[in-house]
Amino acid sequence: MGRVIQKKDTEQERKPGLYVISTPIGNLQDLSLRAKKILEQCELVLAEDTRLANKLFNFFNIDKKKNQILSCYKFNETQRINKLNFEELGTCMVGLVSDAGTPSVSDPGSKIVEKYHQLVLPVFSVPGCCSVMAGFSISGIELKNCQTLTFGGFFPRKEKDAHTLLDKVSCGSDYVIFFETVNRLENLLNHLEKFFEEDVFIFLAKEMTKIHEATWRGYCSEILAELKKNGVKRPVFSWRTRCDYRPLKTKKNFRS
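Numbering (the numbering used here), first residue to last: 10 to 265.
In structure tokens:
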């Protein structure tokens, strides 16, 4: 079998299609060289927030006209799709970016990606920053063979939905990752204390890659007491894991 020779970026052809581009989760310098080059080449960029997209473009001196950056967020994604001329876009490079991290992962973008697939138009991945994996990588928790890691997105707001989700993950996952906002973090920890008989082990990280990056690692009761005492500001990502690798299948009967 012949050796595969990788072409230099300058030699690679510009291919029309949708480019799902990962952007920095905090530190703008984490944008990859490939992502920067593709953003420069895109005739159109669909952005969750055009203001944040422009901030990124200005930082890297990426020149885009106002009509080359369109908003595509949770509440207008369907309407945006209906307004796009896909016959024309079929010959263009279109970039898709969220505010931070990877589009479609607890962020808008999946509908536009699905539309491209329905029309049999190319979709390309431009991987990069991912808060889920970044957080797990600094947790010190080992994912062994035959163990599972589940991403649960944002923790449910309704108590019934939260209990349903915890029922699922406690019986079928070794490690679970949740997103949570600062004003609801204490609520999440209270849910864990209420749901499980044992004191579960947790890793928390906030402001990853930023100046005020911070982490907490310990048992749920310890971290809850720490946060109640000292507080925490801004969004937090929370990681719930098995306590000392023991099964988390013993639940309190909170439904009685």
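Beta carbons are placed, not taken as given, at the ideal position from N, Cα and C, and that holds for glycine. In this text the structure is predicted, and so the values were computed from the model without any measurement.
For L55, the residue or residues it bridges with in DSSP: Here the question's residue 55 lines up with position 46 in the sequence shown. L55 is bridged to L79 and L105.
DSSP three-state assignment for V114, whether helix, strand or coil: Your numbering for residue 114 matches position 105 in the sequence shown. DSSP places V114 in coil when its eight states are reduced to three.
DSSP beta-bridge partners of L27: By one-based count along the sequence shown, residue 27 stands at place 18. L27 is bridged to V103 and V132.
Residues of its chain near Q38, where Cβ-Cβ distance is below 8 angstroms and the 5 sequence neighbours each way are ignored: Here residue 38 corresponds to residue number 29 of the sequence shown, with the count starting at 1. Same-chain partners within the cutoff: there are none.
Residue range of the unbroken alpha helix (DSSP H) whose run includes K46: Here residue 46 is taken as the residue at index 37 of the sequence shown, counted from 1. Per DSSP, K46 belongs to the alpha helix (DSSP H) from L42 to Q50.
Span of the alpha helix (DSSP H) around F95: Taking the first residue of the sequence shown as position 1, residue 95 is located at position 86. Note, F95: alpha helix (DSSP H), F95 to L98.
F66 to E86 span [Cα, whole Å]: Taking the first residue of the sequence shown as position 1, residue 66 is located at position 57. Taking the first residue of the sequence shown as position 1, residue 86 is located at position 77. Whole-angstrom Cα-Cα distance: 22 angstroms.
Unbroken stretches of the beta strand (DSSP E), 3 residues or longer, contained in the region 121 to 183: 132 to 135 and 158 to 163
Assigned secondary structure, K92 (DSSP; H/G/I helix, E/B strand, else coil): By one-based count along the sequence shown, residue 92 stands at place 83. In the structure shown, K92 sits in a helix (DSSP, three-state: H, G or I).
Test item: CB-CB of L105 and I30 under 8 angstroms: Position 96 of the sequence shown holds residue 105. Position 21 of the sequence shown holds residue 30. Yes, the Cβ-Cβ distance between L105 and I30 is below 8 angstroms.
Beta-carbon contacts of V185 that lie in its chain and below 7 angstroms, excluding the five residues immediately before and after: In the sequence shown, the residue the question calls residue 185 occupies position 176. The residues are T159, G161, V178 and R249.
Through-space distance from K238 to L93, alpha-carbon basis: What you label residue 93 is simply residue 84 of the sequence shown in a count that begins at 1. What you label residue 238 is simply residue 229 of the sequence shown in a count that begins at 1. Roughly 51 angstroms separates the two Cα atoms.
Pair within 8 angstroms by beta-carbon distance, I78 and N91: The residue given as residue 78 occupies position 69 in the sequence shown. The residue given as residue 91 occupies position 82 in the sequence shown. The answer is no: Cβ separation not under 8 angstroms.
Inter-residue Cα distance where the pair is E235 and K167: Locating residue 235 in the sequence shown gives position 226, where the first residue counts as 1. Locating residue 167 in the sequence shown gives position 158, where the first residue counts as 1. Their backbone Cα atoms lie some 25 angstroms apart in a straight line.
I211 (DSSP reduced to helix, strand or coil): Taking the sequence shown and counting its residues from 1, the one referred to as residue 211 is at position 202. I211: strand per DSSP, three-state reduction.
According to DSSP, residues forming a beta bridge with R226: The residue you call residue 226 lines up with position 217 of the sequence shown. F212, per the DSSP bridge assignment.
C-alpha gap between P112 and I34, whole angstroms: The residue labelled residue 112 in the question sits at position 103 within the sequence shown. The residue labelled residue 34 in the question sits at position 25 within the sequence shown. So the alpha carbons of these two residues sit roughly 12 angstroms apart.
Sheet register partners of T32 (DSSP bridge): Residue 32 sits at position 23 when you count from the first residue of the sequence shown. Answer is G110, bridged to T32.
Rounded C-alpha distance that separates E222 from S230: Along the sequence shown, read from residue 1 onward, the residue named residue 222 stands at position 213. Along the sequence shown, read from residue 1 onward, the residue named residue 230 stands at position 221. Their Cα atoms are separated by approximately 22 angstroms.
C-beta atoms of E49 and P117 nearer than 8 angstroms: As a working mapping, residue 49 is identified with position 40 in the sequence shown. As a working mapping, residue 117 is identified with position 108 in the sequence shown. Not closer than 8 angstroms, so no.
Cβ pair count under 8 angstroms reaching 3, the region 135 to 151 against the region 117 to 127: no
Residues of its chain near H200, where Cβ-Cβ distance is below 6 angstroms and the 5 sequence neighbours each way are ignored: As a first step, residue 200 is located in the sequence shown; it is residue number 191 there, counting from the start. Closer than 6 angstroms at Cβ, skipping near neighbours: A171.
P136 to K169 span [Cα, whole Å]: Counted from its first residue, the sequence shown places residue 136 at position 127. Counted from its first residue, the sequence shown places residue 169 at position 160. Whole-angstrom Cα-Cα distance: 35 angstroms.
Per-residue burial, L198 [other beta carbons within 10 Å of its own, 16 or more giving buried]: On the sequence shown, position 189 is the one that residue 198 refers to. Buried is the call here.
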